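Below is one structure, written out as structure tokens; the observations come after it.
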Ligand code: SF4
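In the working numbering, the protein residues as written are 634 to 980.
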């Protein structure tokens, strides 16, 4: 999936779910309560196509929300049939679906391939059976492994989704889940910190004081470590944190409108601190790729202030030679002495 990738998202709330997970209210998460029809899909595609930046080669039709492969076969095929026509006439490059790990079989995968599905995302959430059970997921870690292997064997792109701050989970548990998921070699990963939505089992646990959600700070700190695990394995993290949700439904938890940016920014801070800790206090230049400048500086210059409080006065500069998630640190140079390809200063 390139940086310009786009999804035309169609939400299929809950209808394929055999149970209700502790944290889930798909209507709130997706902002959609109705069951989509073939006509709804056509309208969504027409709307996307009318955008001046529409690029069919980088756009997928995405059935998200409920457990797509577990919905009734006749209805599922009616949606796939419309999608397949758009794939065939080149309006979209393929179809993505998200589903439960225990709703993948050889027959289902053949069907998906036949209709032009290119990617399957599994809601794994945790690789700890105890945590899965506590959160009423209704599947096991073994189901995740089996489904992931089948999806890869069917030559479909594999996406995996995990959560942090689940009821009964710990930071170490989430790190272990990330390592287990990375070992399945997915092409993409989404990471969602658990948000307490009203009218869920988790909300009842929260009200009783049994469940304590993560804070934004604790979720950011953990997710920056999870990012490191996936980047190390060259696995793309395509989402960090829930999209906009109806805030009247959010009772507690680490929801933040720029959660992903905060995590990426923390990752760059951690990378800088790891290198600086071996250097004497003083003035330094931090070189990063062009896209990483604002993340390295941090929201409201927070990273630079943290570094300064630790005794390191830093300027962030561009090095076009550096790939994302890499930085180089050298003693601060005046503008006159700066190297040719380190062309821009942001301090
Ligand atoms: S399987 Fe997915 S969509 Fe269904 S209740 Fe659980 S989290 Fe929600």
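Think of the CB as a built atom: it goes at the ideal place given N, C-alpha and C, for glycine as much as any other residue.
Since the model is a prediction, treat every value here as computed from it, not as a measurement.
Spatial neighbours of residue i in its chain, beta-carbon cut-off 6 Å, leaving aside the 5 residues before and after
i, result
"residue 712", "none"
"residue 762", "773 and 774"
"residue 806", "761"
"residue 962", "908, 917 and 919"
"residue 821", "792, 869 and 871"
Any non-hydrogen atom of the ligand SF4 closer than 7 Å to residue i Cβ
i, result
"residue 792", "no"
"residue 733", "yes"
"residue 886", "no"
"residue 653", "yes"
"residue 798", "no"
"residue 699", "yes"
"residue 667", "no"
"residue 756", "yes"
"residue 876", "no"
"residue 657", "yes"
"residue 647", "yes"
"residue 947", "no"
"residue 650", "yes"
Neighbour-count burial assignment, residue i, 16 or more Cβ in a 10 Å radius
i, result
"residue 1035", "Residue 1035 lies beyond the stretch modelled for the chain, which goes from 634 to 980, so this question has no answer here."
"residue 754", "buried"
"residue 913", "exposed"
"residue 680", "exposed"
"residue 768", "buried"
"residue 739", "exposed"
"residue 936", "buried"
"residue 635", "Any reading at residue 635 must be qualified, since the residue scores a pLDDT of 48, below 50, and its modelled position is unreliable; the value itself is stated next. So residue 635 ends up on the exposed side."
"residue 1034", "The structure shown does not extend to residue 1034, since the chain is modelled only from 634 through 980, so no value can be given for it."
"residue 655", "buried"
Residue-chain proximity (residue i, chain C), Cβ-Cβ < 8 Å
i, result
"residue 707", "In summary, chain C is missing from the structure at hand, where a single protein chain is found."
8 Å Cβ shell around residue i - same chain, five flanking residues per side excluded
i, result
"residue 956", "922"
Own chain residues within Cβ distance below 7 Å of residue i, not counting five before or after
i, result
"residue 733", "700, 703, 756 and 772"
"residue 799", "758, 759, 764, 768 and 827"
Is the number of C-beta pairs between the stretch 846–866 and the stretch 877–890 that are closer than 8 Å three or more?
For the pair of segments examined, the stretch 846–866 was found to touch the stretch 877–890: the number of CB pairs separated by less than 8 Å reaches three.
Segment contact flag, the stretch 713–729 with the stretch 744–764, C-beta cutoff 8 Å, min 3 pairs
Put simply, the stretch 713–729 touches the stretch 744–764. At least three CB pairs are less than 8 Å apart.
With three or more beta-carbon pairs closer than 8 Å as the criterion, would you say the stretch 916–934 touches the stretch 829–845?
The stretch 916–934 makes no contact with the stretch 829–845: fewer than 3 CB pairs, one atom from each, lie closer than 8 Å.
Three CB pairs or more closer than 8 Å across the stretch 853–867 and the stretch 681–701:
Using a Cβ-Cβ distance cut-off of 8 Å, the stretch 853–867 and the stretch 681–701 are not in contact, since fewer than three pairs of beta carbons, one from each stretch, lie closer than that value.
Taking three-plus beta-carbon pairs below 8 Å as touching, is the stretch 798–818 in contact with the stretch 898–908?
Not touching, per the Cβ criterion.
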